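As structure tokens, the structure follows; a few thoughts come after it.
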Ligand SMILES: N[C@@H](CCC(=O)N[C@@H](CS)C(=O)NCC(=O)O)C(=O)O
């Protein structure tokens, strides 16, 4: 039975679930949602409001990690997201959890910063954000200069988010210096999580991108930093070789 992936088009956690489906070589259909009142339908389906959620064979699974683990359990004959070796498996799961807490938490704020500074970019993303989020961010962009002049707190917070993202990406570059993939010499859930959670930093060359013309556009201060090039080269290669 075909799997249905419910996603927000701009959501990097949704991209992580989609990447896990591609990596396992599974067929799926994407259903797009927009943040706002439409989330009631997600709540009715899954008992919580966030995406991604998948439906498969009567099962409804929320949370990108839970989805990846469900796919691994349900389709053990497909390419493995988790290594057999217990120590490597622990390392993959620990790195994946840490990537959720760093890239997962902070990468969208780097994109937000570009959107707030460049109105045309915010508008380019607007269709995917839906009218509620788009209007909200437009209003924030309008008052931001005032807020910055008063306290600078927004700017300081965005700086801290960018620093956290950079620290994580530098660690990933260091790992890729020593091995072909993030944990050892075979691709795993850690790679899937890293390449997908970097979605807001540089939209990947994916045929499932919500707006094809955004492929390759990025938060330039990060994605074009030569010190982080090893990770973004790896990311493009990984999409080409393992994802769609
Ligand atoms: N731990 C969850 C996080 C999911 C998540 O935060 N999704 C965001 C989109 S990237 C969302 O649905 N936000 C809407 C909301 O919080 O109402 C996962 O790994 O899937």
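In the working numbering, the protein residues as written are 2 to 245.
Even for Gly, the Cβ is constructed at its ideal location relative to N, Cα and C.
In this text, all values refer to a predicted model and were calculated from it rather than measured experimentally.
- Residues 228, 229 of the same chain have their beta carbon placed closer than 8 Å to that of residue 171, with the five preceding and five following residues left out of the count.
- By the 16-neighbour rule on beta-carbons within 10 angstroms, residue 121 is exposed.
- Pairing residue 24 with residue 210 gives a Cβ-Cβ distance that is not under 8 Å.
- It is roughly 8 Å from the alpha-carbon of residue 194 to the alpha-carbon of residue 21.
- 8 Å or more divides the Cβ of residue 185 from the Cβ of residue 40.
- From the listed residues 6, 242, 112, the smallest Cα separation to residue 207 is found for 242.
- Around the beta carbon of residue 2, a 10 Å sphere encloses fewer than 16 other beta carbons of the protein chains shown; the residue is thus reported as exposed.
- Here residue 38 is exposed, its C-beta having fewer than 16 other C-beta atoms within 10 Å.
- Neighbourhood of ligand 1, defined by CB distance below 5 Å to any of its heavy atoms: 12, 14, 50, 51, 52, 64, 65, in chain order.
- Straight across, the Cα-Cα distance linking residue 126 with residue 175 is about 32 Å.
- Between residue 220 and residue 202, the C-beta spacing is below 8 Å.
- It is roughly 8 Å from the alpha-carbon of residue 117 to the alpha-carbon of residue 141.
- Spatial neighbours of residue 222 in its own chain (CB-CB distance under 6 Å, excluding positions within 5 residues in sequence) are not present.
- In this structure, DSSP gives residue 45 a helical state, which the three-state scheme calls helix.
- Contact check for residue 129 and residue 10: beta-carbon distance about 4 Å, within the 8 Å limit, so the pair qualifies.
- The DSSP assignment places no complete run of the beta strand (DSSP E) inside the region 168-198 (cut-off: 3 residues).
- The three-state secondary structure of residue 65, taken from DSSP, is helix.
- With respect to the C-alpha of residue 72, the residue from 18, 106, 224 having the closest C-alpha is 18.
- When DSSP states are grouped into helix, strand and coil, residue 220 belongs to the coil group.
- Annotation for residue 47: 54, 61, 63 place their beta carbon closer than 7 Å to its own, counting only its chain and skipping 5 residues before and after.
- Counting the other CB atoms within 10 Å of its CB gives residue 163 a total of 16 or more, which places it among the buried residues.
- DSSP places residue 88 in no beta strand (DSSP E) but in the uninterrupted alpha helix (DSSP H) bounded by 87-102.
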